[in-house]
Amino acid sequence: MTSASIRLLISALVVFGLTGCVTTTVSSFDAKKDLNKAALTYVQIGYGYFEQGANQQAKEALTKALAIDDQLPGAHMGLARVYDRELEFKLADSHFQKALRYGESTEGHFQYGVYLYNRGDYKGAYKQLNKTLEDTVSTRRAQAFEYQGIVASRIDKMDVAISSYNRALALNPLLGNSFLGLANIYFERQELSTAYRYYNGFVELVRAQHGRHNATTLWLGIQLAKVAQDKNALSSMTLQLKNQFPQSVEYQTYLRWQAEQDAA
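Reading the sequence shown from the start, the letters are residues 342 to 605 in this note's numbering.
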């Protein structure tokens, strides 16, 4: 394998996709002439440790890879993920940017976009997700559309959010957050029948054990079922909210709402 091929392989490594054998002996690397192969193996070992939650060992292996070649995108991406987990956000951001500088990749843009979303940088996340979606054959495409929908709704690009959620569902109809995202948008627009239709898409996933309710989803469903006069769904979701989330803000809001309904 050529040096260029190895570098390309490293840049394409998916952070969560590698398992690696964390017990690989690395002491023999000093005797090897093929440093590029050694660097690749260190990256694989680092990702293996990352998967097991062994952050320190992951950092040590990835740092050794960078000692051989400080421009390995896969090593920088791995360190970015480790530092993100450790809440070392400045270091994480630095390594994300280096990973993309030394080897731009769809996976890199996706991971950085998700990172920026979690950090509350919605405009930055939107830009990275758009870069991800330029790759029409990416296996991340459905996820990227869903994240783009979430981010677009946060920056008040509702039409983009609707389009993104629908495209996510066209690619993967098991994405519950896309159904919920659409239900929430149409609920806010008071297009309640459309909102309830998308909400019931999420309910079907829950029934098929591809999703789970929380207090927020139940409260949304209660309001939509009330408008739709769906008494069975209303009763079921009210009971779930009461029994499963009695201390939640949503249940307290429901109690006030119900009192107002009774007084009307």
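Every residue, glycine too, gets a C-beta built ideally from N, C-alpha and C.
Cβ separation of residue i and residue j, assumed to be a contact under 8 Å, to the nearest whole Å
i       : j       : result
Leu-420 : Leu-403 : 5 Å
Leu-474 : Gly-465 : Wrong, their Cβ atoms sit about 15 Å apart, outside the cutoff.
Val-423 : Asn-459 : Not really, about 15 Å apart at Cβ, beyond 8 Å.
CA-to-CA distance, residue j to residue i, given in whole angstroms
i       : j       : result
Ile-563 : Leu-523 : 16 Å
Phe-430 : Tyr-390 : 20 Å
Asn-573 : Ala-493 : 34 Å
Gln-585 : Asn-525 : 22 Å
Leu-596 : Arg-553 : 22 Å
Leu-470 : Asp-410 : 28 Å
Leu-376 : Val-384 : 12 Å
Trp-598 : Ala-604 : 10 Å
Tyr-443 : Ala-509 : 30 Å
Gln-393 : Asp-500 : 40 Å
Gln-550 : Ser-577 : 17 Å
Tyr-537 : Ala-569 : 8 Å
Leu-381 : Glu-545 : 44 Å
Asn-513 : Lys-378 : 37 Å
Val-363 : Val-590 : Unreliable positioning characterises Val-363 in this predicted model, as indicated by a pLDDT of 48, which lies under 50. The coordinate reading is nonetheless provided below. Spanning the two alpha carbons is a distance of roughly 44 Å.
Phe-528 : Thr-535 : 8 Å
Leu-428 : Asp-434 : 11 Å
Gln-412 : Val-478 : 26 Å
Pro-414 : Lys-472 : 17 Å
Glu-601 : Arg-548 : 31 Å
Thr-557 : Gln-398 : 39 Å
Glu-532 : Asp-476 : 33 Å
His-436 : Gly-461 : 18 Å
Tyr-467 : Ala-511 : 20 Å
Asn-318 : Gln-588 : No answer is possible for residue 318: the residues shown for the chain start at 342 and end at 605.
Asp-571 : Arg-530 : 20 Å
Alpha helix (DSSP H) segment containing residue i, residue limits
i       : result
Pro-514 : Counting along the chain, Pro-514 falls outside any alpha helix (DSSP H), and DSSP gives it neither H nor E.
Gly-550 : Checking the sequence shown, residue 550 turns out to be Gln, not Gly. It is not in any alpha helix (DSSP H) - Gln-550 carries neither H nor E in the DSSP assignment.
Asp-603 : 590-604
Leu-559 : 556-569
Leu-608 : With the chain represented from 342 up to 605, any question about residue 608 goes unanswered, as that position is not in the structure.
Cβ-Cβ distance between residue i and residue j below 8 Å
i       : j       : result
Glu-448 : Arg-482 : no
Ser-519 : Glu-487 : yes
Ala-485 : Phe-451 : yes
Tyr-463 : Arg-426 : no
Lys-439 : His-417 : yes
Leu-575 : Ala-566 : yes
Phe-543 : Leu-515 : no
Gly-490 : Tyr-506 : yes
Tyr-592 : Leu-582 : yes
Tyr-540 : Leu-561 : yes
Gly-387 : Ala-408 : no
8 Å Cβ cutoff, residue i in contact with chain C
i       : result
Ala-399 : In the structure shown, chain C does not exist; there is a single protein chain.
Run through the stretch 439-503 for me and flag every whole alpha helix (DSSP H) of 4 or more residues, listed as ranges in chain order. 447-459, 463-474 and 482-495
So within the stretch 378-421, which uninterrupted alpha helix (DSSP H) runs reach at least 4 residues, ignoring any that extend past its ends? 396-409
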